[in-house]
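The opening position of the sequence shown corresponds to residue 1 in our numbering, with each subsequent residue numbered one higher.
Glycine is no exception: its CB is placed at the ideal position from the N, C-alpha and C atoms.
One structure is given here, and the rest of the page talks about it.
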Amino acid sequence: MAFYSLSEAEQHIMDYMWAHADQEEIHLNEIMEYMETKGYVWKQQTAYSFVIRLKNKKILSSTKRGKRRYYSVNMSRKEFIAKGVQEYLNLAYDGSLLVFLRSLEGDHGLSEEHKQELQQFVKEQQEKEEKRQKQEESSEKTE
């Protein structure tokens, strides 16, 4: 499960990177300056070690131009969270959404609000699937 979890320092780095995702690439010095505002005064090697950990997790990528290396995000915050949740679901509940939901009901069962939310979610998923199928049928007819 550690793959999609972040240490506190890694989380700060990624918060900065996601906030600046519109920038094409960010230099290590920019990351270090930001981390100083969070109370982390690092030597370049320490900052580099954290960035490498994030690269190994495939959250960041790097490009080298001349002697300088620049970093950019490989996935959005939303994608990262979704992958983490999926990893947790696989690890803790053998990938079963039903087993996970049953664990939430506890001794008192699901609240009416949660039941309604689940019903709405299922309805939305069914509508999306129907729309997708209609689009596929429509594209097959035009071919």
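Assess contact between the region 34-45 and the region 57-74, defined as three or more Cβ pairs (one per stretch) separated by less than 8 Å. Is contact present? Cβ pair count under 8 Å is below three, so no.
Is the distance from the Cβ of S72 to the Cβ of E25 below 9 Å? yes
By Cβ distance below 6 Å, which residues in the same chain neighbour E8 in space, the five residues on each side in sequence not counted? none
Backbone secondary structure at S5 - three-state DSSP: coil
List the DSSP bridge partners of K64. R69
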